[in-house]
Amino acid sequence: MSNATASTAPAGRPSGQLRSPIGVRHLVRRLLTGLIAVWGAITIVFFALYSSNNPVLLLVPPDAPPEETARLTRLYGFDQPVPVQYVKFLGNVVTGSFPDSLRYGQDPLTIALQKVPASLLLGAASLVLGVLVGGLIGYVAATARYAWLRRVPLSIATVADAVPTFFVGMVLILVFAVTLRWVPTMGRGAGGVTGMILPTITLAIAFVPAISRVFRTALLEALRADHVRTAIAKGVSRPMVALRHVVANAVGPTLNVVGIQAGVLLGGAVVTESVFGWPGIGQLSINAVQNRDYPLVIVCVLIIAIGFVLINLVVDVLSVLIEPRLRA
Amino acid sequence: MSTATAVLPELDERPATRVRRPSIGWAGRIGAALLVVIVGVSLLAPLLAGDPLQQDLASILAAPSRAHPLGLDEVGRDVLDRVIWGGRTALSISLTAALIATVLGLALALGSALFGGWVDTLCSRIADVQLAVPTIVLAIVVLAFVGNSFVPIVVVLVLGSWVLTFRVLRGHARTVVEQQYIEAAIVAGAGRSALARRHLLPSVAPLFFVAFTLSASSALMLQASLGFLGLGVQPPRPDWGAMVASGRDALSAAWWVATAPGVAIVLTVLALQLFGDGLAERYLGGARNSEGAR
């Protein structure tokens with residue numbers, strides 16, 4: 001890993017020179033894949049919009065004068081052939097010009113972007129909590145000395161996997177807000193931090209089971225590896241073996257699962273925000289659907305899709321940094 | 329195990345040794361039993377439960393009693409009746425979606441394994457694209473613009489879950505295709521359809537059933553979430569997710585209204601997962617792969 005070992009590096013690599021931790025080509029390829037995904041989301045939105053006979057009627061207020069309808073029809077080219085419409089739609093999305101929100105009467109992009117920080121806060125907090133708890137359960141399930149300790153926490157996590165996120169939130173509200181009155185019921189409210197506790201736990205529970213299962217499997221695999229036996233045999237201390245040789249090797253696969261679970265995380269976030277009235281992009285999108293505020297729906301969906309791509313990108317870069325074997 | 333075959337004389341063509349399969353385990357049996365009860369109750373809903381829409385406005389949010397074991401909801405409808413009828417909604421939608429998704433996954437997986445080349449590449453690319461669009465985005469778009477009746481909901485659930493089956497079955501089918509007995513069958517003149525019917529299908533069948541139960545559990549979960557978000561089947565048709573959502577407002581006054589359908593969801597999902605895990609244990613030697621695409 002250091003310069004000193006460069007002489008033993010595989011042939012074909014100039015000696016004495018460290019490779020960049022992540023290949024530029026790898027990064028570019030991932031970015032392109034992400035762009036394709038966003039493009040796919042835009043395309044789905046377009047065709048869903050188009051499948052209702054006249055998209056303009058969805059995008060203007062119900063009481064809009066005919067001139068306004070006609071203006072928007074021309075602006076978005078809905079009177080032109082579908083391929084032309086599609087290109088125009090793509091162009092409008094790229095430049096960020098959307099019709100005004102029907103409910104708020106202003107640019108939907110501005111409204112939606114204001115909600116992003118709250119969602120990020122909730123997502124980050126529950127990601128930290130979920131990774132810590134899931135990691136702990138997985139570690140205990142793989143290494144604990146007592147059979148019950150190996151089984152019980154993991155079983156609880158498995159049962160939790162069968163509980164839909166909205167019902168987790170509901171039960172938490174019932175127990176801690178309604179019955180015990182420890183925390184406020186709704187929103188971030190006056191409580192500030194206390195209002196964050198239940199949503200964070202709820203969202204974390206959505207992916208603790210997956211993390212703990214994968215981490216356990218990865219740990220068991222790492223524990224069987226030859227180099228671990230060697231390390232124990234040559235007298236490396238137990239905690240050091242666990243940390244440096246076992247856990248370090250199990251983090252890569254687990255991180256990968258966090259990436260795969262990103263979709264679950266987003267879906268869970270939308271549900272969690274709705275349950276707790278959390279003022280984030282998820283709640284906004286559901287409200288927009290219920291209010292038939294289609295311009296706002298489009299913007300919300302695109303922001304969520306971009307968020308999904310970004311999460312996957314970050315996970316990808318991180319896993320290559322942690323697991324150099326992955327950089328092909 | 330089986331009493332019927334024990335009486336029959338052993339046929340010569342039978343392989344001399346049969347693989348002894350592990351049982352589906354006690355958890356799997358509990359899941360199966362629970363599943364039988366839930367499906368049975370849903371099928372017999374017209375006999376077991378009263379009208380889920382009948383209102384008793386005089387006793388809104390009444391507590392559980394002998395006449396109404398799970399109480400009344402916010403507009404005076406019997407919660408137990410609605411939970412039983414809601415099971416029909418939940419099971420019909422999620423089982424239909426899971427069946428279509430797994431059959432689609434199976435067809436594409438067999439196609440990929442048998443034809444290879446560009447067919448395989450194309451199917452895998454489609455699966456990648458599918459994974460790149462989160463299901464919740466798909467659900468919001470389709471259900472907002474196309475409407476939320478049975479067919480669009482099923483389409484969303486299918487799109488959200490076919491990749492899991494495809495990935496798992498494709499991997500398995502590809503290893504089977506590389507086996508020598510397949511080569512022998514090809515030499516003996518077996519066509520692709522014969523290979524698929526005689527060799528691949530029997531080989532992937534256990535995996536298919538495991539994939540089906542696990543897809544059904546995730547489809548049910550997603551269906552309930554959509555119902556909760558108001559994107560599912562429309563009221564007044566009883567739907568577990570929507571019932572939890574409407575009971576939420578009365579949580580402090582009548583907690584049972586939201587809790588009863590929620591428990592029904594959890595039990596059904598759990599039953600499907602336990603049964604699926606049991607099947608996986610029996611036929612695949614464990615290693616449930618629920619970490620795949622959702």
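Line by line, the protein sequences give chains A and B. When we follow the working numbering, the leftmost residue of the first sequence carries the number 1, and every step to the right adds one. When we follow the working numbering, the leftmost residue of the second sequence carries the number 329, and every step to the right adds one. Note that beta-carbon positions come from the ideal geometry of N, C-alpha and C, so glycine has one too.
Distance from the CA atom of residue 223 (chain A) to the CA atom of residue 148 (chain A), rounded to whole angstroms, is 20 Å. In chain B, no part has a C-beta under 9 Å from the C-beta of residue 280 (chain A); the shortest such distance is about 13 Å. Taking 7 Å as the Cβ-Cβ cut-off, the stretch 259-292 of chain A approaches chain B at 260, 263, 264, 266, 267, 270, 271, 274, 285, 286, 289 and 290, given in chain order. Counting only the Cα atoms, residue 237 (chain A) lies some 44 Å from residue 597 (chain B). The contact set of residue 165 (chain A) on chain B, defined by CB atoms closer than 8 Å, consists of 553 in chain order. Taking the Cα positions, residue 247 (chain A) is about 52 Å away from residue 400 (chain B).
Here residue 406 (chain B) is buried, its C-beta having at least 16 other C-beta atoms within 10 Å. At a cut-off of 8 Å between C-beta atoms, residue 571 (chain B) does not count as an interface residue with respect to chain A. According to the DSSP secondary-structure assignment, residue 383 (chain B) is paired through a beta bridge with B:405. When only Cα atoms are considered, residue 270 (chain A) and residue 310 (chain A) end up about 17 Å apart. With contacts defined as CB atoms closer than 8 Å, residue 40 (chain A) and residue 462 (chain B) fail to qualify as a contacting pair. When Cβ pairs closer than 8 Å are counted between the two stretches, the stretch 579-596 of chain B is seen not to touch the stretch 450-460 of chain B, the count staying below three. Taking the C-beta atoms as reference points, residue 564 (chain B) is found no nearer than 8 Å to residue 611 (chain B). Neighbours of residue 308 (chain A) in chain B, taken as residues whose beta carbon is under 7 Å from its own, are 462 in chain order. Here residue 324 (chain A) is not near residue 101 (chain A), since their CB atoms are 8 Å or more apart.
The Cβ atoms of residue 211 (chain A) and residue 254 (chain A) lie closer than 8 Å to each other.
CA-to-CA, the gap between residue 514 (chain B) and residue 26 (chain A) works out to about 40 Å. Contacts with chain B at 8 Å (Cβ-Cβ) do not include residue 195 (chain A). Nearest in C-alpha terms to residue 142 (chain A), of all of A:250, A:314, A:274 and A:59, is A:250.
Per DSSP, residue 31 (chain A) has no beta-bridge partner at all.
Short of 7 Å from the beta carbon of residue 562 (chain B), and not among the five residues preceding or following it, lie these beta carbons of its own chain, in chain order: 476. Close partners of residue 580 (chain B) in chain A (Cβ separation under 8 Å): 178. Closer than 8 Å to the CB of residue 507 (chain B) there is not a single CB belonging to chain A.
Beta-carbon to beta-carbon, residue 109 (chain A) and residue 96 (chain A) are separated by about 5 Å, close enough to satisfy the 8 Å threshold. Annotated three-state conformation of residue 559 (chain B) is coil, per DSSP. Residue 261 (chain A): not part of any alpha helix (DSSP H); DSSP gives it neither H nor E.
When B:588, B:429 and B:496 are compared, the shortest CA-CA separation from residue 392 (chain B) is found for B:588. Between residue 56 (chain A) and residue 69 (chain A) the beta-carbon gap is near 6 Å, inside 8 Å, which marks them as a contact.
For the stretch 413-442 of chain B, the set of positions with a beta-carbon nearer than 8 Å to some beta-carbon of chain A is empty. Rounded to whole angstroms, the Cβ separation of residue 432 (chain B) and residue 486 (chain B) is 7 Å, and the two are in contact under 8 Å. From the beta-carbon of residue 473 (chain B), the residues of chain A found nearer than 7 Å are 48, 49, 51 and 52.
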